[in-house]
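Enquirer: Numbering (the working numbering), first residue to last: 1 to 270.
Take a look at the following structure, please.
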């Protein structure tokens, strides 16, 4: 009986020692959306080495310590982070704030001009040196991401012009002021499937009525971030609101959004 108990104890200790985790020689804080949601995808948000995440990046587990971070961090709070490695999204102000502190290391996550898959690969590349024993989990996540990418590239879109607006379209049909013309999911669908959308190389642009009137077979989509799942609301013919958790944040969450988006009938060629 004692031998059996000892064997179980050894197995548990062995499993813990080689389990996927953040390298325990450091403490970590994530003010980066792609990093935070990658940690969530790897089931590492509860890792004891992760001190906190930004309150601007909501996660399912409400017990995770969250900081009202960014440029508003107090000197006292920054001092408490001296021994931490801090991931943060591209921001001149936050970069300046962190540079003036004595934190152990800062890692800026730059995903500008990248599609969701590029942003995922970038964030994984930055996080990987701080992972330990995570090959299986990373491989599983990579396989899922790879399948989504492959499936989309083998798809065909209907001959329509998809206009993704930043925010919900009103009940009367009034659209928000900005169009996502070359960013996130729109950027990838343009690159991979030659999706027709508002003609601009800018990430976001206020649309011109003159240009809009020239576009054919238009589908207006108000894009917003829902709390738990994909939400689809048809307002009137050719006008919809689509919500998805963290749909506007680069990286793994936009990969999930693309996966859900391509299941909608309006994106499937008949």
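Using N, Cα and C, we set each Cβ at its ideal position, and we do this for glycine too.
In the DSSP assignment, find the alpha helix (DSSP H) that holds residue 234 and state where it starts and stops.
Expert: That residue, residue 234, is in no alpha helix (DSSP H); its beta strand (DSSP E) goes 231-236.
Enquirer: With C-beta atoms as the reference, is residue 204 less than 7 Å away from residue 178?
Expert: yes
Enquirer: Check the DSSP bridge columns for residue 54 and list the partner residues they point to.
Expert: Note: residue 54 sits in a beta bridge opposite 67.
Enquirer: Mind checking which residues open and close the beta strand (DSSP E) that includes residue 123?
Expert: Run containing residue 123: none in the beta strand (DSSP E); it sits in the alpha helix (DSSP H), 116-127.
Enquirer: Sorted by chain position, which residues of the same chain lie with C-beta nearer than 6 Å to residue 98's C-beta, five sequence neighbours on each side aside?
Expert: 106
Enquirer: Threshold first: 4 residues or longer. Then list the alpha helix (DSSP H) segments lying entirely within the segment 160-236, N to C.
Expert: If we require 4 residues or more, the alpha helix (DSSP H) runs fully inside the segment 160-236 come out as 184-193 and 209-214.
Enquirer: Going by the beta-carbon positions, is the gap between residue 192 and residue 153 smaller than 7 Å?
Expert: yes
Enquirer: In terms of residues, what are the limits of the beta strand (DSSP E) holding residue 243?
Expert: Per DSSP, residue 243 belongs to the beta strand (DSSP E) from 239-243.
Enquirer: Give every residue of the same chain whose Cβ lies closer than 6 Å to the Cβ of residue 189, excluding the five residues on either side of it in the sequence, and list them in chain order.
Expert: Answer for residue 189: 195, listed in chain order.
Enquirer: Considering only their Cβ atoms, is the gap separating residue 49 from residue 27 smaller than 7 Å?
Expert: Closer than 7 Å, so yes.
Enquirer: If you draw a straight line from the alpha carbon of residue 51 to that of residue 265, how long is it in whole angstroms?
Expert: C-alpha separation (whole angstroms): 42 Å.
Enquirer: Taking only the alpha-carbon atoms, compute the straight-line gap between residue 244 and residue 30 and give it to the nearest angstrom.
Expert: 22 Å
Enquirer: Could you pull out every residue in the same chain whose Cβ sits closer than 8 Å to the Cβ of residue 19, ignoring the five residues on either side in sequence?
Expert: 133
Enquirer: Which class does residue 132 belong to by DSSP, given the choice of helix, strand or coil?
Expert: strand
Enquirer: Apply the 10 Å Cβ neighbour rule to residue 57 and answer buried if 16 or more other Cβ atoms are within range, or exposed otherwise.
Expert: buried
Enquirer: Please classify residue 242 as buried or exposed, where buried requires at least 16 neighbouring CB atoms within 10 angstroms.
Expert: Buried is the label assigned to residue 242, since at least 16 other Cβ atoms lie within 10 Å of its Cβ.
Enquirer: Nearest by alpha-carbon distance to residue 111: which of 225, 121 and 103 is it?
Expert: With distances taken between Cα atoms, residue 111 lies closest to 121.
Enquirer: Roughly how many angstroms separate the alpha carbons of residue 246 and residue 168, rounded to a whole number?
Expert: Pairing residue 246 with residue 168, the inter-Cα distance amounts to about 15 Å.
Enquirer: Classify residue 10 as helix, strand or coil using the three-state DSSP reduction.
Expert: Legend: pLDDT at residue 10 = 47, less than 50; position of this residue unreliable, value from coordinates given subsequently. In the structure shown, residue 10 adopts helical secondary structure according to DSSP, grouped into three states.
Enquirer: Alpha carbons only, please: which of 222, 62 and 128 is nearest the one belonging to residue 176?
Expert: 222
Enquirer: Are there 16 or more other CB atoms within 10 angstroms of the CB of residue 8, so buried, or fewer, so exposed?
Expert: Note on residue 8: pLDDT 46, under 50, position unreliable in the model; the coordinate value appears next. Residue 8 should be labelled exposed.
Enquirer: Apart from the five residues on each side of it in sequence, which residues of its chain come closer than 7 Å, Cβ to Cβ, to residue 239?
Expert: 169, 173 and 220
Enquirer: According to DSSP, is residue 258 part of a helix, a strand, or is it coil?
Expert: helix
Enquirer: I need the straight-line Cα distance from residue 83 to residue 138, nearest angstrom please.
Expert: Looking at the two C-alpha atoms, the distance is approximately 26 Å.
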